[in-house]
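Note that my numbering has the sequence shown beginning at 195, numbered continuously upward.
Idealized CB from N, CA, C, for every residue including glycine.
Everything on this sheet refers to the single structure shown next.
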Amino acid sequence: MVGLILKIIYLFLIKIVSLFCYFKKKKNVIYIMSFDNNLGLIKSMARSLPAGRRMIVFYENDNEAAATDLAAYGVKTIQFRDGISLIFNVVPIIMTGSIIFCDNYFAFLGGIIRSNNTKIVQMWHANGAIKKFGWEDPATYERSSSDKKRFQNVYNHFDEYVVASATMGDVFQKSYHVSSDRMKMLGYPRSDRLFKQKWRDIAERRVYHFAPQLKNKRVILYAPTYRNDGNSFNPPKKVISALTSDPNAIVIIKLHPLLNKLEKKLQKEASSDNVLFFSQLSTTDLLVITDTLVTDYSSIAFDYSLLPNAHSMLFYMFDIDQYQKHPGIQDNMLNWLPNKPIKTTEDLAKSIRENKKTDFTKFNRVWNKYNDGFATSRVIEKYIKSLK
């Protein structure tokens, strides 16, 4: 009860401050960043702004390196802080935005009172979705009526959703209970780099600088999604044994950053020289030299399928029956998944040894239709060049 009262007071204060700032001149373009995968878009927007406009990026603590990069480029960056600082320091600047881009769900937006001269655009952090979220997540219906009302208020604040496919547009419509006219089929700017040979060459050089032993090897990347209980392996030793079924391959295990303790535990258990861990390399960089991606419900699948080096992709979903109940899986997943889900370590080992090439044609047609390397230019054309 106390928590609910505090949330109500918090949103009330946000409303009051935003009302005081309601008539501020809308001269800035704001980007609220929780992921660092759209730096190219942000820099392009900053270059394309007409005179008198300014790009301001609010970044979460995990993206300090990305913020430093943007600041060196000349973009104004401010650390995004919740609580009192958000109410009195962040909201007044947010209210100067003619366009506000977000790459995630930000609860405070539900309290903003903004004018018709401000547009809020959802620039989601993934090309697609295997997991359910929003209203599609069964857990949402277990929340209180006030929570549900607050969630929907945030969803309604997004005027437009940039998507890479009609499929993802449908996901947002169902997950956020919003209309189809808000979906803008522009493609995800974050995917443009995957089409650029120069970027891929640089990423490859970064990887080989840290790990020269990967050259001329079959690289198997295991990148499971984050689970709240940390149960990403079933059990660890059997999974590692299955992943190393090809003695000529090198296996890289890349867990979610929040699973650092589990990753350290696995490093101790993985005695094979063919199993490596690289905390200093990004998952996206590693995809560039990956021959076989083993994942489950992670959105990494939608990126990997666009790369020219993508040979095969395996979905090790040992807990699919449980996962379908919570948090849930997109209803028609089996119709577009490029390979059938793998439930046992025995089948995982067999698939790795067989090393069959995956046909990504249908998968990309369903999820990556508008990802063609030119999404950034379309976003700039629609949202930035239209500014006066």
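Which residues in the same chain as residue i place their Cβ atom closer than 6 angstroms to its Cβ, once the five residues preceding and following it in sequence are excluded?
{"i": "Ser359", "result": "Trp561, Lys563"}
{"i": "Tyr355", "result": "Gln316, Phe366, Arg376, Met377"}
{"i": "Ala436", "result": "Thr539, Leu542, Ala543"}
{"i": "Ile578", "result": "Met239, Ser242"}
{"i": "Tyr491", "result": "Ile324, Lys325, Thr419"}
{"i": "Phe352", "result": "Ile314, Gln316"}
{"i": "Lys368", "result": "Glu330"}
{"i": "Gly149", "result": "A question about residue 149 goes unanswered here, because the residues of the chain that appear run from 195 up to 582."}
What are the residues that DSSP puts in a beta bridge with residue i?
{"i": "Arg248", "result": "Asn222"}
{"i": "Cys296", "result": "Ile226, Gln316"}
{"i": "Ile270", "result": "According to the sequence provided, residue 270 is Lys. The question's Ile does not apply to it. Note: Lys270 sits in a beta bridge opposite Ile250."}
{"i": "Arg412", "result": "Ala443"}
Name the residue from the options whose alpha carbon lies nearest to the alpha carbon of residue i.
{"i": "Ser373", "options": "Leu542, Met362, Thr290", "result": "Met362"}
{"i": "Leu264", "options": "Tyr204, Pro521, Met227, Tyr416", "result": "Met227"}
{"i": "Lys209", "options": "Pro244, Lys220, Val285", "result": "Val285"}
{"i": "Asn298", "options": "Asn321, Gly277, Asn283, Asp485", "result": "Asn321"}
{"i": "His403", "options": "Phe472, Gly381, Tyr382", "result": "Phe472"}
{"i": "Asn565", "options": "Phe229, Ile414, Gly246, Ser385", "result": "Ser385"}
{"i": "Gln474", "options": "Arg344, Lys325, Ala397", "result": "Ala397"}
{"i": "Val573", "options": "Lys537, Ala240, Met507", "result": "Ala240"}
{"i": "Ile250", "options": "Lys237, Asp256, Ala259", "result": "Lys237"}
{"i": "His319", "options": "Ile494, Leu388, Ser212, Ile483", "result": "Ile494"}
{"i": "Ile294", "options": "Phe252, Gly328, Ala333, Ser466", "result": "Phe252"}
{"i": "Pro244", "options": "Asn257, Val223, Val445", "result": "Val223"}
{"i": "His520", "options": "Ser338, Glu330, Arg275", "result": "Glu330"}
{"i": "Arg547", "options": "Phe274, Val413, Asp276", "result": "Val413"}
{"i": "Pro383", "options": "Lys534, Leu235, Leu207, Tyr216", "result": "Leu235"}
{"i": "Asp440", "options": "Arg344, Ala259, Leu415, Ser476", "result": "Leu415"}
{"i": "Ile314", "options": "Asp513, Gly328, Tyr491, Tyr225", "result": "Tyr225"}
{"i": "Asn311", "options": "Tyr517, Glu463, Lys221, Ile523", "result": "Lys221"}
{"i": "Thr271", "options": "Ile288, Ile281, Gly277, Lys458", "result": "Ile288"}
{"i": "Leu500", "options": "Thr489, Glu463, Arg387, Ser369", "result": "Arg387"}
{"i": "Thr570", "options": "Ile434, Leu380, Phe282", "result": "Leu380"}
{"i": "Asn529", "options": "Asn350, Gly291, Phe557", "result": "Phe557"}
{"i": "Val469", "options": "Asp364, Tyr335, Asp525, Gln407", "result": "Gln407"}
{"i": "Ser279", "options": "Leu207, Gly522, Asn454, Gln391", "result": "Leu207"}
{"i": "Leu480", "options": "Thr262, Pro332, Cys296, Asp395", "result": "Asp395"}
By DSSP, does residue i sit in helix, in strand, or in coil?
{"i": "Arg394", "result": "helix"}
{"i": "Gly291", "result": "strand"}
{"i": "Thr489", "result": "strand"}
{"i": "Arg275", "result": "coil"}
{"i": "Ala443", "result": "strand"}
{"i": "Thr552", "result": "coil"}
{"i": "Leu449", "result": "coil"}
{"i": "Thr419", "result": "coil"}
{"i": "Thr570", "result": "helix"}
{"i": "Ser545", "result": "helix"}
{"i": "Ile306", "result": "coil"}
{"i": "Ser140", "result": "The requested residue 140 does not occur in the structure, where the chain is confined to residues 195 to 582."}
{"i": "Ser242", "result": "helix"}
{"i": "Tyr216", "result": "coil"}
{"i": "Ser580", "result": "coil"}
{"i": "Lys563", "result": "coil"}
{"i": "Pro429", "result": "coil"}
{"i": "Asn257", "result": "helix"}
{"i": "Ala265", "result": "helix"}
{"i": "Asn231", "result": "coil"}
{"i": "Met436", "result": "Note on residue identity: the sequence assigns Ala, not Met, to residue 436. Reduced to three states, the DSSP call for Ala436 is helix."}
{"i": "Ala405", "result": "coil"}
Please work out which residues of its chain come closer than 7 angstroms, Cβ to Cβ, to residue i, disregarding the five sequence neighbours upstream and downstream, and give them in chain order.
{"i": "Phe205", "result": "Going by the sequence as given, residue 205 is Leu instead of Phe. Taken in chain order, the residues that qualify are Gly304, Gly305."}
{"i": "Ile536", "result": "Leu508, Phe509, Tyr510, Met511, Leu542, Ser545"}
{"i": "Ile307", "result": "Lys209, Ser212, Leu213, Tyr216"}
{"i": "Ser309", "result": "Tyr216"}
{"i": "Thr477", "result": "Ala417, Lys448, Ile494"}
{"i": "Phe554", "result": "Ser499, Ala504, Pro532"}
CB-CB under 8 angstroms to residue i, same chain, minus the five flanking residues each way: which ones, in chain order?
{"i": "Ala260", "result": "Met227, Asp230, Leu233, Tyr253"}
{"i": "Thr486", "result": "Arg412, Val413, Ile414, Leu415, Ala443, His505, Ser506, Met507, Leu508, Ile546, Asn549"}
{"i": "Ala301", "result": "Arg344, Val348"}
{"i": "Asn257", "result": "Met227, Ser228, Phe229, Asp230"}
{"i": "Tyr267", "result": "Lys237, Ala240"}
{"i": "Lys219", "result": "Thr290"}
Length at least 3, wholly inside the segment 308-394: the beta strand (DSSP E) runs in chain order:
313-316, 354-357, 377-379
Can you list, in chain order, the stretches of the alpha helix (DSSP H) that have 4 or more residues and sit fully within the segment 467-541?
477-481, 494-498, 514-517, 527-530
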